[in-house]
Ligand code: FEO
Ligand code: CA
Ligand code: CA
Ligand code: CA
């Protein structure tokens with residue numbers, strides 16, 4: 159390794175994570191309507207004591223809520239079993255917290271580089287040349303900055319999954335690392351051609367992957383399921399808001415047709431095997447300015463529109479508010495895509511509400527209704543769940559394909575006594591009436607944030623991934639950080655002011671009933687450095703010096719019900735980001751263990767287990783994105799380490815050399 163690089167890495171350790179700093183500076187749209195319940199003079203220690211005293215409830219509560227999992231390829235289906243179930247603890251040789259320019263994982267494991275930005279998907283895919291990028295080239299290649307990873311099992315042999323479909327979101331593009339000769343992250347000098355490359359690098363990829371003779375995962379180039387979804391793919395708008403006047407534009411008077419999706423952060427795979435792509439920071443893609451008294455002005459302000467990050471609006475009216483003031487209302491949704499049919503039209507499911515959707519993980523409740531947990535990732539925004547009106551029909555895919563068009567969207571209020579009240583965003587109930595400017599359920603969903611403000615939801619420390627555990631009847635909320643929370647804004651569930659490291663909250667559904675309008679909550683862990691007495695971190699004391707982390711972002715539940723957490727922001731804590739296992743049960747509860755470390759500058763997204771437990775996929779996003787990094791001088795050249803190639807966001811498969819279950 160180049161020793162001069164070590165100096166750079168050390169400098170990086172003392173700097174803010176560049177992307178985080180950017181988001182802090184340019185996204186001023188957070189919720190200013192902070193709920194009075196959120197103001198409290200309690201210190202985090204007071205409220206923590208309150209929450210810890212409830213641990214006794216947990217032991218019995220977990221048993222009472224015991225559910226089991228039934229076999230179903232990639233679906234999470236909870237069914238009562240009548241016996242206590244819990245997740246076990248993990249076992250592997252822990253890695254270290256460190257700043258290095260490549261990946262790290264435990265002894266006895268292998269990492270396959272499954273697919274990189276620019277890798278071929280189709281028989282006619284052109285060779286990737288970072289010096290001569292075009293939209294035509296990028297549309298046939300794996301996109302940029304992989305975030306969510308879904309996996310739909312296709313084939314299994316002897317208990318071992320051998321073939322499946324990988325679904326990967328491409329969240330955003332980064333000019334300085336993607337393109338040669340650009341020194342500024344969002345330059346106004348962007349050409350129409352480069353904007354088209356950016357659009358083609360966004361969205362998602364659906365690609366068949368298979369295990370070879372050596373057990374490694376590789377893409378099946380030319381598979382009939384392979385598909386790119388981009389910021390230009392035609393889509394249908396469905397559900398209660400479809401056709402609403404506020405979704406109608408000059409190009410689409412019907413309010414039912416839209417081109418593309420972007421800033422797809424996390425997502426989900428439904429029990430019927432469709433791929434959900436969550437639209438997160440859509441505000442950043444719009445330019446222009448509306449008069450203060452424009453009918454959309456207050457709505458756009460609540461969502462931070464226009465963000466003005468990308469220059470697309472200079473070349474296309476739909477991204478320019480002055481030309482199309484309603485176009486932003488057609489983004490901020492969850493998109494459902496059928497990965498088995500590349501000719502199918504993706505659908506924006508408006509019943510799930512419009513906000514900065516982080517993810518959309520689902521589970522079938524014991525009564526057959528499907529429940530999705532969703533975070534709105536902004537400082538002081540909310541946690542939601544959606545319960546379908548209809549019931550899941552096992553084995554009848556067609557019967558399930560429109561389940562997400564009808565149901566009830568709820569927003570969470572986390573009370574200090576450990577109660578979660580899920581409040582319905584239902585037109586005509588409570589404050590969600592014409593008196594407050596809502597004309598229909600469609601309009602409540604278009605302005606879901608304002609509706610949730612009126613209901614008194616609890617403003618959270620940036621809700622990222624929320625994932626249900628089918629084995630225990632609980633769900634885990636990743637709250638990544640919130641530097642702007644002040645001492646008089648702390649509450650039981652967000653107990654630290656100037657919170658730079660985040661926390662993980664556990665939701666306990668009564669009797670494993672994920673549809674319940676009332677749940678309980680516990681603090682699983684307040685993140686941060688436990689050796690720093692001022693940090694307020696609450697790790698289990700058995701956590702090693704490498705086992706703690708900050709800024710939880712994405713998570714996964716493995717087939718044994720164990721929690722794994724991927725992070726975005728640990729350069730601030732002196733380590734690259736990575737994946738840590740976090741104990742949730744008994745004496746192991748709250749213990750962190752370091753499993754995977756990304757290269758410098760990267761965050762880790764995904765993570766996703768194959769249902770046989772033998773592979774953990776991890777998405778390495780924005781490798782080399784250190785302070786001041788450029789295409790010519792990136793923080794690392796992982797994974798190619800070729801001076802002619804910039805760093806490439808990539809998907810890694812982590813598996814045991816003996817092919818046993820990961821973490822056991
Ligand atoms: Fe795209 Fe909330 O992370
Ligand atoms: Ca995220
Ligand atoms: Ca997840
Ligand atoms: Ca992230």
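In the numbering used here, the protein residues as written are 159 to 822. Each residue gets a CB set at the ideal place from its N, CA and C atoms; glycine is no exception. Predicted, not measured: the structure shown is a model, and the values here were computed from it.
Check: Can you tell me whether residue 305 is buried or exposed, with buried defined as 16 or more other CB within 10 angstroms of its CB?; Outcome: buried
Check: Nearer than 7 Å: is that true of the beta carbon of residue 726 relative to any heavy atom of ligand 4?; Outcome: yes
Check: If you draw a straight line from the C-alpha of residue 687 to the C-alpha of residue 451, how long is it?; Outcome: 47 Å
Check: Does the stretch 313-333 come close enough to the stretch 352-366 to have 3 or more Cβ pairs within less than 8 Å?; Outcome: yes
Check: Have a look at residue 428 and residue 434 and give me their C-alpha separation to the nearest angstrom.; Outcome: 7 Å
Check: One question on the structure: do residue 570 and residue 544 come within less than 8 Å of each other, judged by their Cβ atoms?; Outcome: no
Check: Is any heavy atom of ligand 4 found at a distance shorter than 7 Å from the C-beta of residue 534?; Outcome: no
Check: Going by DSSP, what residue range makes up the alpha helix (DSSP H) through residue 437?; Outcome: Residue 437 -> not in any alpha helix (DSSP H); beta strand (DSSP E) instead, spanning 433-437.
Check: Going along the chain, which residues of its own chain have a beta-carbon closer than 6 Å to the beta-carbon of residue 589, five neighbours each way excluded?; Outcome: 612
Check: Just verifying my parser: in three-state terms, what is the DSSP assignment at residue 498?; Outcome: coil
Check: Could you tell me which uninterrupted alpha helix (DSSP H) segments, each at least 4 residues in length, are contained entirely in the stretch 750-776, listed from first to last along the chain?; Outcome: none
Check: Straight-line CA distance for residue 784 to residue 483?; Outcome: 36 Å
Check: As an exercise, report each continuous alpha helix (DSSP H) stretch of at least 4 residues that is fully enclosed by the stretch 303-350, in chain order.; Outcome: 333-336
Check: I believe residue 827 touches residue 724 by the beta-carbon criterion, under 8 Å. Please report the beta-carbon distance rounded to the nearest angstrom.; Outcome: Since the first and last residues shown for the chain are 159 and 822, residue 827 lies out of range.
Check: CA-CA distance, residue 786 and residue 341?; Outcome: 9 Å
Check: So, helix, strand or coil for residue 592, using DSSP?; Outcome: helix
Check: If residue 511 sits next to residue 583, beta carbons under 8 Å apart, how far is it from one beta carbon to the other, in whole angstroms?; Outcome: 7 Å
Check: Taking a contact to mean a Cβ-Cβ separation below 8 Å, would you say residue 705 touches residue 679 in this structure?; Outcome: no
Check: Name the two residues that bound the continuous alpha helix (DSSP H) containing residue 295.; Outcome: 293-296
Check: Looking at the strands, I want to know which residues DSSP matches up with residue 369.; Outcome: 375
Check: Using three-state DSSP, classify residue 470 as helix, strand or coil.; Outcome: helix
Check: Just to confirm my understanding: we take residue 383, look at its own chain, exclude 5 residues before and 5 after, and list those with CB closer than 7 Å. What are they?; Outcome: 323, 364, 366, 497, 498, 500
Check: Just confirm the distance between the C-beta atoms of residue 246 and residue 720, as a whole number of angstroms; I'd bet it's less than 8 Å.; Outcome: 6 Å
Check: Would you decide whether residue 792 is buried or exposed? Buried here means 16 or more other CB atoms lie within 10 Å of its CB.; Outcome: buried
Check: Could you give the distance in angstroms between the alpha-carbon of residue 254 and the alpha-carbon of residue 399?; Outcome: 49 Å
Check: In angstroms with no decimal places, state the Cα-to-Cα distance between residue 759 and residue 798.; Outcome: 15 Å
Check: Taking the straight line between their C-alpha atoms, what separation do you get for residue 670 and residue 660?; Outcome: 26 Å
Check: Within its chain, find whatever has a CB closer than 6 Å to the CB of residue 279; leave out the 5 residues flanking it on each side and keep chain order.; Outcome: 365, 384
Check: Considering residue 530, what are the terminal residues of the beta strand (DSSP E) in which it resides?; Outcome: 527-533
Check: My output table needs one value for residue 610: the three-state DSSP class, helix, strand or coil.; Outcome: helix
Check: Around the C-beta of residue 641, are 16 or more other C-beta atoms found within 10 angstroms, so that it is buried, or is it exposed?; Outcome: exposed
Check: Tell me which residues share the same chain as residue 488 and place their Cβ nearer than 6 Å to its Cβ, disregarding the 5 neighbours each side in the sequence.; Outcome: 405, 416
Check: Is residue 548 helix, strand or coil by DSSP?; Outcome: strand
Check: Return yes when at least one heavy atom of ligand 3 lies under 7 Å from the C-beta of residue 424, else no.; Outcome: yes
Check: What would DSSP say about residue 521, mapped onto helix, strand or coil?; Outcome: strand
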